Structure formats: structure tokens, C-alpha cells
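Quick note on my numbering: the sequence shown kicks off at 30 and runs consecutively.
No residue lacks a Cβ here, since even glycine has one placed at the ideal position from N, Cα and C.
Quick caveat, the model's predicted, so the values are computed rather than measured.
The structure appears below as C-alpha cells.
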Amino acid sequence: DGLVFGLQPVSTSIGGSGGDLGFGMVQPSLGVEFDTYQNLDYNDPAFDHITIIRDGVLNHTLSGGALAGPVSANAMEPNIEDCQYHPLRITWDAPAQTLSVYFDCELRLTYTADLVNEVFGGDPLVFWGFTAATGGLNNTHEVCFAYTSFLDELTDQTICPGEAVQLEASGGLSYQWTPMAGLSDPTIANPIASPDTTTLYTVVITDDCGIPFTDDVLITVDNNQFSAVLIPPADLPNPVPPGSVLELSVMVDSMAGDDYTYLWSSSLGGPFSDPQVADPSFTASTTATGTETLSVVVSSAAGCTQTLTLSFEVGGPIYLIPNLFSPNGDQTNDVFGVFTPVRLDDYQCKVFNRWGQLVFTSTDPTEFWTGDFQGEPAPADYYIYAIEFKVGDRVVKERGGLTLVR
């Protein structure tokens with residue numbers, strides 16, 4: 030029988046079949062009827078027709094059944110059931126309060142009224158869509174949306190200098206963007222835009238009927254550029270012993286304020302004290318060696334980013350335990366303990382003489398044995414040590430011999 034383009038608030042009605050086109054008794058509502066079957070009891074004309082109706086009244090002899098029309102859908106062809114798509118355009122001019130219906134590129138109907146107040150009780154928000162139905166016969170009803178002005182509006186975007194963004198228009202047979210500066214192709218629906226400065230682009234979308242639609246999109250180029258520098262630790266050893274703690278920092282020079290975010294990462298998996306600050310401490314991996322690359326992504330409030338890197342080698346011994354020392358005051362090999370640039374946790378050091386007597390003990394990795402025992406210099410001899418500590422998550426246990434030379 031046909032279909033209806035309808036506007037309605039929430040309704041519990043399911044419409045009706047046959048001549049009601051799935052829209053019968055849907056109220057309050059406003060519909061544009063496209064009827065392809067002559068229902069004599071509804072006072073339908075013999076030709077396929079368009080009518081503007083109210084409150085789901087499809088019978089043209091009743092109130093609301095013909096606010097405007099019926100008129101032939103196509104002025105030159107009474108039958109539009111030809112298995113072809115027909116261009117349809119429905120517009121609402123709010124200031125003029127006029128609803129217009131274009132079919133096959135021709136204006137067929139207009140209706141002027143205060144629809145918000147007269148039909149929908151002052152509610153300007155309604156649902157929209159299509160219904161269709163058949164009765165004793167069958168037919169195919171299809172709707173393909175090319176362009177909806179209230180859904181397809183372009184979205185303004187902000188980019189950083191040198192970046193690009195893809196513009197997205199739709200629903201047209203042809204497109205023309207202006208200005209052309211910064212566009213990959215001003216005649217396609219989705220050109221790439223890379224303007225040097227903030228630019229308002231306008232697109233004229235022409236549909237199958239030659240009717241132009243215009244839309245704008247503002248591409249803002251954030252010119253508040255910033256310069257960031259990763260400051261390496263002073264006296265960075267080469268290689269960096271595993272477990273070493275390095276102090277890092279990033280300096281940002283900018284006129285855009287101080288609103289920046291930071292995200293650090295490590296190629297070898299070493300931990301940061303806080304990967305989201307400008308100046309974290311970093312502990313070199315104790316489980317992997319080789320080239321370590323530290324990266325930090327600095328982001329501005331506008332989303333512009335800079336990536337900074339620092340590379341160095343991680344390797345060599347984590348610690349050194351001597352097997353000989355000479356506490357003679359010459360400041361060379363004068364003390365015994367664990368020599369390391371890294372932090373030691375759960376530290377315990379014990380030294381025994383050859384008879385098993387404990388001559389030195391400490392839980393402080395910065396405290397070394399000076400070769401004294403009970404306030405007197407220990408004799409030159411061979412001693413045994415037992416040392417335990419943690420480097421990161423790694424537990425170290427060392428046992429060995431030590432020669433004291435005087």
C-alpha cells in the first residue's frame with residue numbers, strides 16, 4: 030500500500046496494516062504519506078500520491094487526513110512502483126514554520142503551521158522514522174538515507190602543527206571544499222586537511238537533484254608549541270651496572286603554560302619510581318642486560334606530543350666483594366664489604382676467623398669492616414665471610430674467603 034515518514038513522541042500504538050501504512054492511529058503525530066494503492070473508502074485518488082497527515086489519520090475524508098494534498102507523487106508519472114529508488118527530500122523551515130516535501134527532485138507539497146504547539150503540545154523533541162504496510166497484496170518498501178542535516182554535521186577538531194586530519198562529508202553526488210589550501214583534494218568527500226594555521230573549511234554538498242547543502246568545519250592549529258629536553262643523569266657510567274638508580278628529569282620550554290603530562294617506558298623493563306612525572310628515578314634492570322632505551326612522551330593540554338629518548342648500555346657486575354684487604358691507612362683497600370653503586374636491601378654481613386669466631390657483623394651496607402676486633406687490630410690471617418642482600422627483587426647470597434694483610 031505504501032509508506033509514511035513520521036514524527037511522533039513516545040507512542041504505544043503499533044499502527045495498522047493495509048491502507049493504514051503502519052501509521053494508523055499513531056498519535057500525536059505528523060506524517061508524510063506515500064500511497065501506491067487506491068483505497069476507495071479512504072478517498073484515495075487513482076494515482077500514486079503524497080499527503081501530509083496528522084495523528085495517524087489515513088482516511089482523507091476525516092479531519093487530519095489531508096493537511097496538504099493528496100497530490101501525484103510524480104507530476105509526469107502516476108505510477109511510481111518501478112523498483113527504482115526515488116530521491117526524497119523533506120525540510121522544516123523553523124522560522125517560517127513550513128514543512129516541504131520534494132519527490133523526484135520536484136517540490137510536491139508544503140504545509141505551514143506551528144507544529145510544535147498545534148500537534149505536539151509544545152514539545153519540540155520528537156522521534157522520526159518510516160513505517161510501511163501492505164494488505165491483500167505485497168510490495169517492497171525500502172529507504173536509503175543519503176544525508177540527514179541534523180546527524181551529519183561536521184565536527185570541529187584541533188591538531189598540532191604539522192599534523193593532518195581527515196574531513197568526513199557524506200550524502201552527495203559531488204563535493205567542493207574551500208579554501209583549497211592544506212587539502213589533499215577539494216573535490217572529494219573525505220580529503221586530508223593539513224593547514225598551517227587555523228582554518229574554517231566550507232563544503233558544498235550537491236545531491237542527485239542538484240540541490241546544494243553547505244556545512245562548515247573548523248580545524249584549529251594549536252600554535253602553542255613547546256620544546257622538551259630530557260636531561261641525562263650526571264656522570265652516567267658506561268656500562269650502567271644492573272640495579273643502578275638513575276635520577277631523570279625533563280625540562281619543558283613553552284609559552285603554553287605548565288599543563289603537561291608525562292609517560293615513561295623502558296625497553297629492558299626497569300622500573301620507574303613514578304612513570305607519570307617529569308622527574309622520576311629509574312632502576313636499571315637486574316634481569317636483562319644490553320642496550321637500554323628510556324622513552325618519555327610529553328603531551329600538552331591540546332594533545333600535541335614530543336617523544337624523548339635516552340639510550341645506554343646496562344651490564345657489568347652489580348657489586349664487588351674483595352678477597353683481600355690491607356687496613357694500613359693508605360686509603361687503598363683499607364676496608365672490607367660490598368662495593369656497589371646500587372641500593373642493597375635486607376643487608377647482612379658477617380665475618381668469622383678461622384676458628385669460627387664472629388669478628389664483624391653489620392646490617393648497614395654503607396658500614397665496612399676496618400680490620401679491628403674488640404677495639405684492637407685483628408691479626409693478619411685468612412677469614413670467612415657470609416653476606417646476604419637483595420637488589421630489586423633479586424636475592425643474593427655470597428660465601429667466601431678473605432685475606433687480611435698487614
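Can you tell me the Cα-Cα spacing of Gly345 and Glu427, whole angstroms? The alpha-carbon atoms of Gly345 and Glu427 are separated by roughly 18 Å.
So, do the region 223-234 and the region 243-256 have three or more beta carbon pairs nearer to each other than 8 Å? yes
Rounding to the nearest angstrom, what Cα-Cα distance links Met209 and Thr334 in this structure? 27 Å
Do you know how far the Cα of Ser58 is from the Cα of Phe149? Phe149 and Ser58: Cα-Cα distance of roughly 7 Å.
So is Arg383 buried or exposed if we call it buried at 16+ other beta carbons inside 10 Å? exposed
What does DSSP give as the partner residue(s) for Ile119 in the beta ladder? Val130
Quick check on DSSP: helix, strand or coil for Leu144? helix
If you compare alpha carbons, which of Asn103, Leu275, Ser213, Asp244 is closest to Val233? Asp244
Does the distance from the C-beta atom of Thr312 to that of Ile347 stay below 8 Å? no
Less than 8 Å between the C-beta atoms of Gly93 and Ile79, yes or no? no
Contact between the region 135-155 and the region 96-108: three or more CB pairs below 8 Å? Output reads yes: the region 96-108 touches the region 135-155.
Can you look up Gly358 in the DSSP assignment and give me helix, strand or coil? coil
May I ask you to report which of helix, strand or coil DSSP gives Leu69? helix
Proximity below 8 Å, CB of Val281 to CB of Ala257: yes
Uninterrupted beta strand (DSSP E) stretches inside the region 232-298 (no shorter than 3 residues): 241-250, 255-260, 274-276, 278-283, 289-295
With the cut-off set at 8 Å, would you say Thr369 and Glu342 are in Cβ contact? no
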